[in-house]
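J.: First, the structure itself, so that you have it in front of you.
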Amino acid sequence: MVQQADMKKTRFCRMVKDNPIQSEVQSQEANQEAESQNQGPERPAGSEQGQSPEKNKPDRLELREQQFDLLRWNKLYLGEEPDIWRQPLSDADAASLPTHFRSFSSVEEYKLVKYTYLQLQHSGYYWGAMAMEKAHSLLSKAPPGTFLIRDSGQSDVFFTLSYQSSDGPTSVRVLLNSLHFSLYGSHRTFPSLFALLTYYTGSSCKLTAPYRKQRPERLKQMCRRALSRAFGAENMSAVPGLSSQDKDFVLSYPHCI
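Letter by letter, the sequence shown follows residues 1 to 257 in the numbering used here.
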């Protein structure tokens, strides 16, 4: 069973490396070193200082007892039987998974990351696998406060926030510990990535507007945010005049950012 799980994980990693977008990314070591050099005191939190949360250290238990790889959690989340896990993963299924190598510490953490990933797909400012240099190049001509979310170049971090500061483009790792998100160097935590972005796009912070892939943005996407802002996602089912399809569209990204 462990050998088969390792074979699946090897195949998944190969799939990620063969991704045409991922081919633009430099080696993990070079990307990590470059990002680390850009994790200076500049942060959207302003003057807020904090110690970097310690990285989770895996126990010495066997992998199948302590942690499950991404593919196995995907099968568990879908409610499939353990016997189905032994079946080869199709290319279509593999392509739908996030491009990360990190294992998950719990079912709850997997669900949180997948839920975040699915909503990011509808955000317009999630750029997936992108090298830090390319992100900074995109933001270099944008107004201060413009930001985007991309996959981190580090295997133990899921997402990175890149934004245009007064001193130029900057990247900050988004950490996930105990089911809460935080920015590297900050002690402030949030139950979701979007709660984090909502806080840092406040009037007293440095993030202003997302850098979206589609420019100009589609009208229906702007209307979706306007509805969420006016009624709140929790009240969307009671909004008159909206079809069930329209409500589903709004709830696929129930945020105002």
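Just so you know, even glycine gets a beta-carbon here, dropped at the ideal spot from N, CA and C.
Taking the alpha carbon of LEU148 as the point to measure from, which residue in ASP156, SER166, LEU227 and SER123 has its own alpha carbon closest?
T.: SER123
J.: Runs of 3 residues minimum, wholly inside the stretch 178-254: which ones carry the beta strand (DSSP E) assignment?
T.: 180-183
J.: Within this structure, are the beta carbons of ARG212 and TYR125 separated by less than 9 Å?
T.: yes
J.: Does DSSP put VAL174 in a helix, a strand or coil?
T.: Looking at VAL174 - three-state DSSP - the assignment turns out to be strand.
J.: Whose CA, out of GLY128, GLU108 and VAL107, lies closest to the CA of TYR117?
T.: GLY128
J.: Can you tell me the Cα-Cα spacing of LEU251 and SER106, whole angstroms?
T.: 26 Å
J.: With DSSP collapsed to three states, give me the class of TYR117.
T.: helix
J.: Less than 9 Å between CB atoms is the rule here; does PHE104 satisfy it with respect to chain D?
T.: Reference to chain D is not applicable here, since this structure consists of a single protein chain.
J.: For a test of the three-state rule: what should DSSP assign to GLN26, helix, strand or coil?
T.: Low per-residue confidence applies at GLN26: pLDDT is 42, beneath 50, and the placement is therefore not dependable enough to give any value.
J.: Here's the rule: buried if 16 or more other CB atoms are within 10 angstroms of the residue's CB, otherwise exposed. What is TYR253?
T.: If you draw a 10 Å sphere on the C-beta of TYR253, you find 16 or more other C-beta atoms in it, and that means buried.
J.: Taking the alpha-carbon positions, what's the LEU78 to GLY168 distance?
T.: Because the pLDDT of LEU78 is 42, which lies under 50, any placement of that residue in the model is unreliable, and the number read from its coordinates should be weighed accordingly. Whole-angstrom Cα-Cα distance: 43 Å.
J.: Helix, strand or coil, according to DSSP, for CYS256 in the structure here?
T.: coil
J.: When the distance is taken between beta carbons, is SER178 closer than 9 Å to THR160?
T.: no
J.: Given SER228, which residues of its chain have a CB within under 7 Å of its CB, disregarding the five upstream and five downstream residues?
T.: VAL250, PRO254, HIS255 and CYS256
J.: Alpha carbon to alpha carbon, how far is ARG218 from SER27? Give it in angstroms, no decimals.
T.: In this predicted model, SER27 has a pLDDT of only 42, less than 50, meaning its place in the structure is not dependable enough to derive any value.
J.: Roughly how many angstroms separate the alpha carbons of THR201 and ALA209, rounded to a whole number?
T.: 8 Å
J.: In its own chain, which residues sit with a C-beta less than 7 Å from the C-beta of SER166, not counting the 5 before and 5 after it?
T.: PRO144
J.: In the DSSP assignment, find the alpha helix (DSSP H) that holds SER103 and state where it starts and stops.
T.: Per DSSP, SER103 lies in no alpha helix (DSSP H) segment and is marked neither H nor E.
J.: Excluding five sequence neighbours on each side, which residues of the same chain lie with their C-beta closer than 7 Å to the C-beta of SER152?
T.: PHE158, PHE159, THR160 and ARG173
J.: Once DSSP output is grouped into helix, strand and coil, what is the label at GLN37?
T.: Any reading at GLN37 must be qualified, since the residue scores a pLDDT of 49, below 50, and its modelled position is unreliable; the value itself is stated next. In the structure shown, GLN37 sits in a helix (DSSP, three-state: H, G or I).
J.: Helix, strand or coil: which one does DSSP assign to SER162?
T.: strand
J.: Compute the distance between the beta-carbons of LEU176 and LEU112, then report whether it is under 9 Å.
T.: yes
J.: ASP151 lies in the beta strand (DSSP E); which residues open and close that run?
T.: Note, ASP151: beta strand (DSSP E), 146-151.
J.: Do TYR163 and LEU139 have their C-beta atoms within less than 9 Å of each other?
T.: yes
J.: Answer yes or no: do TYR184 and PHE190 have a C-beta to C-beta separation smaller than 9 Å?
T.: At the C-beta level, TYR184 and PHE190 stay beyond 9 Å of one another.
J.: Consult DSSP for TYR110 and reduce its assignment to one of helix, strand or coil.
T.: helix
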